[in-house]
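The structure appears right after this line, and notes come after that.
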Amino acid sequence: MRGLRGLDWRGFKTAIVVMLGWAFEALDFMLFPLLSIPIMDELYLSRIDFSLLISMGLLGTVIGGIFAGIIADRIGRRKTLFLSLLIYSIGTLTLAFSRDIYTAGLARIIVGLGLSFEWSTGMALVSETSNPKHRGKAVSLAQSGWPIGVLSAIFMVIYLYPIIGWRMCFFSVALTAPIMAPLFLGLEESRIWRESKEKGIAHGRIVELFSTSLRGKTLVALTMNVLAMFSYWMFWTWLPTYLYEIHGLSIVKSAEWLVTSQVGAWIGYISYGILQDHIGRRFSWSVFTAMEASMILLYVSPFIRKEHLLYIGFLSGFFTGFWGGFGALLSEIFPTHIRGTALGFIFNTGRAINFVSPTIVAWVSLYYGWEIALSLAAVCSFLISAIIWFFPETRGTLLR
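Offset between the sequence shown (1-based) and my numbering: plus 663.
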């Protein structure tokens, strides 16, 4: 962890708390596809039905994405993070008691609402409280909560699910809210945001993102985010089912295999944070996303033996570390009075458009097979490795 030494205590503490919040939300969100088989069996769902439920969660981010950043820019980062915790906990409880596709769909929308608040607000807060020279490391540390949450979901599937069932798994996740609440409320509000607020600058207007000075940045960032979302969700959402159907791994066994990928992901996030503070945002992103595309193609290749997937899975996870750069990049491009709005709109609109990606993979897999369906994720990843060069280099930028 020597590479993280440049972080001051305030920035480090903020990054850790945001990391924990992001980890719990990843646990909540990823437990669903990992438990796809028993949920489909008990609720009598087809593969297409289940893909629609996944998409419902993404739809929730559309609704929340309209308001998340605006709220964070108007009432502050700290209060908005607490609101996120409350919303996704309610959604998780609803899912635990769902009896059909309709209540499960409602639950997924509520969970998506909570997720839409967490990322944009957390990344803005971490970016605003960290030293500019070490912002990349701080944001990547916070973002690394995602693989921690996914690992937690995997361990729940391996050790708890066989004992308590899928409903109690979700119920137990909802019980984390009382643990996280005091941590969120104990965070110090962003000084940069407070100063901007005291100056009376208008906050949180989405229309400003399409003004002459910001329109180009907004559209490029949105395009890049949409493709990055497609790359991630097309591949990782259906990976447990792919391992089950193609390689004959049980739900528990496929979860065990995914552990190596998420260990790789956490190492990748931390490594990416250190790298982007040394060689810049653009080159780091371009290398990691191109390598991620290559790993996806290797993973689904019919010439790869099953035992090799453990090693390729580790590398596939490692190169998802590029997500550690997105929050820092966007925070450095957009000014403080609209930063939360920009991050919320771009990130969650990307997830909104990504609403269709799980269903696309489901349909393509039915007609052309899993190899072609999952390879679509690699195409998207190759594209974003090039699009990043439309942005200026922002490493070490002083936030304004």
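Note that the Cβ used here is the ideal one computed from N, Cα and C, for glycine as well.
Helix, strand or coil at residue i according to DSSP, with G and I counted as helix
i	result
D691	helix
V963	coil
H910	coil
R762	coil
G1059	coil
D671	coil
W1026	helix
Y895	helix
T875	coil
S709	coil
G812	helix
Residue i versus residue j - alpha carbon distance
i	j	result
D940	K796	7 angstroms
I959	S894	9 angstroms
K676	S853	13 angstroms
N1017	L721	7 angstroms
G728	C1043	22 angstroms
E908	S964	15 angstroms
G812	F692	9 angstroms
R857	W685	24 angstroms
Y935	R868	32 angstroms
F985	S947	8 angstroms
Cβ-Cβ distance between residue i and residue j below 8 angstroms
i	j	result
S807	W929	yes
R1015	V725	This sequence places Ala at residue 1015; Arg is not what is there. Yes, they are a contact pair.
S779	G1007	yes
H1000	S859	yes
V991	M897	Per the sequence presented here, residue 991 reads as Ala, with Val not at that position. Result no, Cβ atoms of A991 and M897 do not sit closer than 8 angstroms.
R741	L850	yes
I711	T1022	yes
S718	V1019	yes
S994	A787	yes
Y824	L902	no
I933	S815	no
A689	W809	yes
G987	T923	no
I821	G777	no
F1054	S783	no
Per-residue burial, residue i [other beta carbons within 10 Å of its own, 16 or more giving buried]
i	result
I827	exposed
L670	buried
G911	exposed
L715	buried
S874	exposed
W1052	exposed
K800	buried
P845	exposed
I842	exposed
W899	buried
A1049	exposed
Q | Whole runs of the alpha helix (DSSP H) within the segment 978-1014, excluding any shorter than 4 residues | A | 989-996
**Q.** Continuous alpha helix (DSSP H) assignments of at least 4 residues falling wholly in the segment 739-798
**A.** 740-759, 764-792
**Q.** Length-filtered (4 minimum) alpha helix (DSSP H) runs lying within the segment 823-867
**A.** 824-837, 840-848, 854-861
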